[in-house]
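Have a look at the structure below before the remarks.
Numbering (my numbering), first residue to last: 90 to 713.
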């Protein structure tokens with residue numbers, strides 16, 4: 090029988106059903122305890138139950154951190170509700186599988202919230218290794234929480250005893266026991282999980298059976314002993330009709346490129362070297378040979394991008410994927426793509442830096458590198474995705490613009506949205522905007538390698554082997570129109586200006602920057618990329634409180650939307666929020682120095698909290 094601690098925050102009767110607009114749940118345990126799998130299955134179930142969601146996988150950089158230590162803790166936070174923009178701040182329910190995970194995450198649990206933990210994990214040695222001086226279940230550490238101390242390991246082994254599994258295999262199912270308790274807490278059907286087990290472990294029927302039994306045992310335990318005093322009813326999200334699925338940002342990115350390949354008629358080629366947290370894009374595209382996708386796992390970052398440039402020259406929709414350190418290595422080759430004016434998309438799933446940095450932690454660390462990290466005057470198109478589902482349209486759009494404007498482009502996502510997931514309405518490819526690459530026709534008498542469309546400054550894409558379109562390619566400066574190698578001073582300046590203006594003219598094809606809130610106000614909050622969810626939620630809550638705040642979230646970075654300058658001038662104060670030391674705010678200062686900018690920065694490998702943002706915004710509003 091678990092011990093339940095009631096306190097002044099918990100006045101509900103046993104098994105009281107509470108209807109909440111949103112609930113935040115966090116699963117934490119040792120690396121190897123299956124917290125990522127548990128969190129993903131919880132997310133998938135929430136989606137199938139009709140809830141909107143956003144999640145946040147959080148795990149150490151070590152392949153397997155030291156057992157029972159804070160350094161080895163892996164976590165997965167899920168925010169579900171009627172309308173969700175971020176993974177949430179503090180959690181309503183914390184499922185902690187051992188003392189170390191409790192130690193690392195207690196600060197993220199709401200006072201009065203529920204903590205479910207495995208009583209069997211709290212032996213003297215484990216408590217000591219976690220950094221506690223005494224057992225937190227026996228002192229006052231957890232005062233103010235509803236604590237459910239269940240012997241999860243023992244109960245899991247007992248439930249699986251008849252399967253004659255070895256002890257370690259049996260113990261590995263305890264995450265499903267804990268998940269079963271959560272299914273009871275949210276009044277969910279277990280069949281959803283059973284279907285998942287059948288698909289995931291179809292070649293290992295013993296694992297299907299053990300996970301089913303463990304989940305059922307956890308559900309029955311929660312129901313039978315009435316350990317859980319509160320169960321939640323979270324209303325289904327109000328969504329447009331359509332087919333939805335829970336999707337991660339990396340998978341959505343891959344799907345966006347597949348759709349762009351189909352709509353453009355250009356075969357997809359990915360040349361990439363695996364790197365955290367971008368590898369999943371490579372893995373996902375490798376599944377779609379049937380759709381014409383060609384995936385090349387290169388020996389290094391440079392080989393990856395150079396193979397993609399070759400594929401682009403040959404007429405493919407060419408991609409390469411990386412993170413910050415890999416983008417550094419690709420710099421020279423990006424310059425080659427700029428000089429040859431070939432379409433190419435570089436996906437940078439940002440992580441904490443510099444150097445190897447924090448491979449599993451998210452950061453908006455590479456904006457300046459994307460803008461300026463190459464030799465010479467080397468402009469490229471830059472778009473930043475704002476959420477896991479937005480990765481689809483961002484990938485589609487940047488592929489379209491890259492091909493139609495014959496320019497390399499960088500798509501910035503980050504570890505938070507790349508590996509996080511949310512509900513995604515699957516579009517029909519036929520409904521997506523048409524993509525028309527400027528492919529030169531055979532024997533075109535008017536064709537010259539660098540003759541341009543006078544409105545867009547875009548040259549034509551001459552595919553090798555096409556009759557009558559022979560020309561020279563390479564990294565040396567080209568003569569205008571002819572494409573011959575030229576070291577002429579005036580020609581170099583002209584070509585430099587043409588390449589820059591070509592990218593800037595893409596702004597004519599971008600939507601104007603939108604504002605959430607009043608068009609004129611006391612405070613404008615500016616964000617970009619993956620910070621959208623937390624910043625938007627903070628601003629929305631403040632608007633509902635009657636505060637004079639508006640929000641501008643930037644997706645298009647290079648070039649900026651055409652109305653950016655006029656928009657910024659309509660607000661008394663501007664604050665720019667980003668997960669770096671101030672890269673976007675300095676970019677705005679460079680382009681629009683007439684405005685004064687405040688900044689709110691966080692460089693901790695963690696996303697913004699809504700509460701910290703609101704505190705910062707309220708402070709600025711009060712300033713005279």
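Each residue gets a CB set at the ideal place from its N, CA and C atoms; glycine is no exception.
Beta strand (DSSP E) runs contained entirely in the segment 403-448, provided each spans 3 or more residues:
406-411 and 433-439
Scan the segment 444-510 and note each continuous beta strand (DSSP E) run of 3 residues or more that stays entirely inside, going in chain order.
470-473 and 497-503
What residue range does the beta strand (DSSP E) around residue 360 cover?
The sequence position of residue 360 within the chain shown is 271, counting from 1. Residues 357-361.
Alpha carbon of residue 236 to alpha carbon of residue 319, nearest angstrom
Counted from its first residue, the chain shown places residue 236 at position 147. Counted from its first residue, the chain shown places residue 319 at position 230. When rounded, the distance between both Cα atoms is 12 Å.
List the DSSP bridge partners of residue 163.
Within the chain shown, numbered from 1, the residue matching residue 163 stands at position 74. Residue 163 pairs with 118.
Tell me, please, which residues DSSP counts as bridged to residue 662.
Walking along the chain shown from the start, residue 662 turns up at place 573. Bridge partners of residue 662: 612.
Let me know the beta strand (DSSP E) ranges lying completely inside the segment 180-255, each 3 residues or longer, listed in chain order.
180-185, 198-207 and 235-239
Given this structure, state the Cα-to-Cα distance separating residue 644 from residue 257, to the nearest angstrom.
Numbered from its first residue, the chain shown carries residue 644 at position 555. Numbered from its first residue, the chain shown carries residue 257 at position 168. Rounded to the nearest angstrom, the two C-alpha atoms are 48 Å apart.
Determine the burial state of residue 98: buried for a count of at least 16 other Cβ atoms within 10 Å of its Cβ, exposed for fewer.
Taking the first residue of the chain shown as 1, we reach residue 98 at position 9. Residue placement at residue 98 is poorly supported in this model, since its pLDDT is 33, which falls under 50; the coordinates are not used for a value here.
Could you check what DSSP says for residue 597 in three-state terms: helix, strand or coil?
Here residue 597 refers to the residue found at position 508 of the chain shown. Residue state, collapsed to three classes: helix.
Own chain residues within Cβ distance below 7 Å of residue 209, not counting five before or after
Numbered from 1 along the chain shown, position 120 holds the residue referred to as residue 209. Cβ within range, chain order: 240, 241, 242 and 243.
Going by the DSSP bridge assignment, what does residue 531 pair with across the sheet?
Position 442 of the chain shown, counted from the first residue, corresponds to residue 531. Answer by DSSP bridge pairing: none, since residue 531 is not bridged.
Might you give, ordered along the chain, the residues of its own chain that have their beta carbon closer than 7 Å to the beta carbon of residue 305, omitting 5 neighbours on each side?
Walking along the chain shown from the start, residue 305 turns up at place 216. Cβ neighbours of residue 305 beyond the five flanking positions: 269 and 279.
Where residue 147 falls: helix, strand or coil (DSSP):
Along the chain shown, read from residue 1 onward, the residue named residue 147 stands at position 58. Residue 147 falls in the strand class under three-state DSSP.
So, for residue 96: in the same chain, excluding its five sequence neighbours on each side, which residues have a beta-carbon less than 8 Å away from its beta-carbon?
On the chain shown, residue 96 is found 7 positions in, with the first residue counted as 1. Because residue 96 carries a pLDDT of 35, less than 50, the predicted location of this residue cannot be relied on, and no value is offered for it.
Using 8 Å as the threshold, is the segment 641-657 in touch with the segment 525-532, meaning 3 or more CB pairs across them?
no
Where do the ends of the beta strand (DSSP E) carrying residue 688 lie?
Locating residue 688 in the chain shown gives position 599, where the first residue counts as 1. Its beta strand (DSSP E) spans residues 686-690.
Could you pull the start and end residues of the alpha helix (DSSP H) that residue 272 belongs to?
To locate residue 272, count along the chain shown from 1; it is residue 183. From DSSP, the alpha helix (DSSP H) with residue 272 extends over 263-274.
With C-beta atoms as the reference, is residue 321 less than 7 Å away from residue 109?
To locate residue 321, count along the chain shown from 1; it is residue 232. To locate residue 109, count along the chain shown from 1; it is residue 20. Taking 7 Å as the Cβ cut-off, residue 321 and residue 109 qualify as a contacting pair.
Mapping the DSSP letters down to three states, classify residue 344 as helix, strand or coil.
Taking the first residue of the chain shown as position 1, residue 344 is located at position 255. It is helical.
What does the Cβ neighbour count give for residue 119, buried or exposed, with the cut at 16 atoms within 10 Å?
Here residue 119 refers to the residue found at position 30 when the chain shown is read from its first residue. With 16 or more Cβ atoms within 10 Å of its Cβ, residue 119 is classed as buried.
Classify residue 535: buried if its beta carbon has 16 or more other beta carbons within 10 angstroms, exposed otherwise.
By one-based count along the chain shown, residue 535 stands at place 446. Classification for residue 535: exposed.
To the nearest angstrom, report how far apart residue 281 and residue 134 are at their CA atoms.
Residue numbering aside, residue 281 sits at position 192 when the chain shown is read from its first letter. Residue numbering aside, residue 134 sits at position 45 when the chain shown is read from its first letter. Whole-angstrom Cα-Cα distance: 6 Å.
CA-CA distance, residue 397 and residue 582?
Numbered from 1 along the chain shown, position 308 holds the residue referred to as residue 397. Numbered from 1 along the chain shown, position 493 holds the residue referred to as residue 582. Cα-Cα distance, rounded: 28 Å.
Would you say the segment 655-662 touches the segment 605-617, given that touching needs at least three Cβ pairs under 8 Å?
yes
What's the call for residue 631, buried or exposed, on a 16-neighbour Cβ count within 10 Å?
Position 542 of the chain shown, counted from the start, is the residue given in the question as residue 631. By the neighbour-count rule (16 or more Cβ atoms within 10 Å), residue 631 is buried.
Counting beta carbon pairs with one atom in the segment 593-610 and one in the segment 684-700, are three or more of them shorter than 8 Å?
no
Test item: CB-CB of residue 507 and residue 338 under 7 Å
Here residue 507 refers to the residue found at position 418 of the chain shown. Here residue 338 refers to the residue found at position 249 of the chain shown. Contact: yes.
Taking its Cβ as the centre, do 16 or more other Cβ atoms sit within 10 Å of residue 369, making it buried, or is it exposed?
Here residue 369 refers to the residue found at position 280 of the chain shown. Residue 369 comes out buried.
Cutoff 8 Å; reference residue 189; Cβ partners in own chain excluding five residues on either side:
Locating residue 189 in the chain shown gives position 100, where the first residue counts as 1. Contacts found: 119, 157, 158, 159, 161, 162, 215, 218, 219 and 220.
For residue 370, which of helix, strand or coil comes out of DSSP?
Looking up residue 370 in the chain shown gives position 281. Helix.
Tell me the residue span of the beta strand (DSSP E) that contains residue 642.
Within the chain shown, residue 642 is the residue found at index 553, counting from 1. Start and end: 638-643.
Which residues bound the alpha helix (DSSP H) around residue 626?
On the chain shown, residue 626 is found 537 positions in, with the first residue counted as 1. That run of the alpha helix (DSSP H) goes 621-633.
Quick one: is residue 359 buried, meaning 16 or more other Cβ sit within 10 Å of its Cβ, or exposed?
As a first step, residue 359 is located in the chain shown; it is residue number 270 there, counting from the start. With 16 or more other Cβ atoms within 10 Å, it is buried.
Alpha helix (DSSP H) segment containing residue 310, residue limits:
Start at 1 with the first residue of the chain shown, and residue 310 comes out as number 221. Taken as a continuous stretch (DSSP letters only), the alpha helix (DSSP H) holding residue 310 covers 294-313.
Let me check understanding here. Comparing Cα to Cα, which of 143, 123 and 132 lies closest to residue 479?
As a working note, residue 479 is residue 390 in the chain shown. For residue 479, the nearest C-alpha among the options comes from 143.
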